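First up is the structure itself, then whatever we jot down about it.
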Amino acid sequence: MREQLHDPVLGAVPLDEDGSAWAAATAEALVVFSGRSRPEHFAWNEVERGSWDADERTFTLSWTDLERDELVLEVPAGVRNGDTYAPTDVAPFAKALRQRVEAAIVHSAVTTLPGGATATASVRRGADGHLYSVTRPMASQVTDEEDGEALQNLENRVREGVGLPTR
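Residue 556, in the numbering used here, is where the sequence shown stops; the numbers in between run on with no holes.
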């Protein structure tokens, strides 16, 4: 796995008990090795958020692109290699996941829309260095005119906060 990465591994977790599939967090991307095909790379700015469910032993990642299905990484309690068993420590991977997702966010703000819903806006740095903004809910999901204006004002505020043109 490490020989296929261009960056140092900040944290990694196995995805099966024989250690043939892994998820690795690097500074540039989340890399998933299935053991059967080429590794998949996911840029950190594409990750909206990640969560760990200790009972289910799963990391769930949601994306800034809401059309994309969540990525669920099932992590075994440990890896067996012959007679040797090593328990899985998810802490380094969880820490790297949190740090890298947060590092992609340049600026963010939260408000309550006039209709009562919570809205967020953030400016993110893409893998190529460009800045762009994301809102939740998306403007296309807001049907009330007052809520739409408030959401646009929130997005303009975070864009202006980092020197991006407003809309």
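Even glycine gets a Cβ: it sits at the ideal position worked out from N, Cα and C.
Treat the numbers as computed from the prediction; the structure is a model and nothing was measured.
Quick one: give me the first and last residue of the beta strand (DSSP E) that asparagine 542 is part of. It is not in any beta strand (DSSP E) - asparagine 542 instead sits in the alpha helix (DSSP H) that spans 534-550.
Which partner residues does asparagine 470 have in the DSSP bridge list? Thr473
For aspartate 442, the residue or residues it bridges with in DSSP: Aspartate 442 is bridged to Thr447.
I think leucine 520 touches leucine 543, with their Cβ atoms under 8 angstroms apart; what is that distance to the nearest whole Å? Rounded, the Cβ-Cβ distance is 16 angstroms, inconsistent with contact.
Excluding the five sequence neighbours on either side, which residues of its own chain have a C-beta within less than 6 angstroms of the C-beta of arginine 469, listed in chain order? Glu406
On the three-pair Cβ rule with 8 angstroms, is the segment 435-452 touching the segment 460-469? yes
Limits of the unbroken beta strand (DSSP E) element including alanine 432: Unbroken beta strand (DSSP E) run through alanine 432: 429-432.
Compare the C-alpha of alanine 418 against each of Arg489, Pro526 and Thr477 and name the closest. Arg489
Taking buried to mean at least 16 other C-beta atoms within 10 Å of its own C-beta, is valine 551 buried or exposed? exposed
What are the boundary residues of the beta strand (DSSP E) that includes proline 526? Counting along the chain, proline 526 falls outside any beta strand (DSSP E), and DSSP gives it neither H nor E.
Contact between the segment 476-487 and the segment 398-414 (3+ Cβ pairs under 8 angstroms): yes
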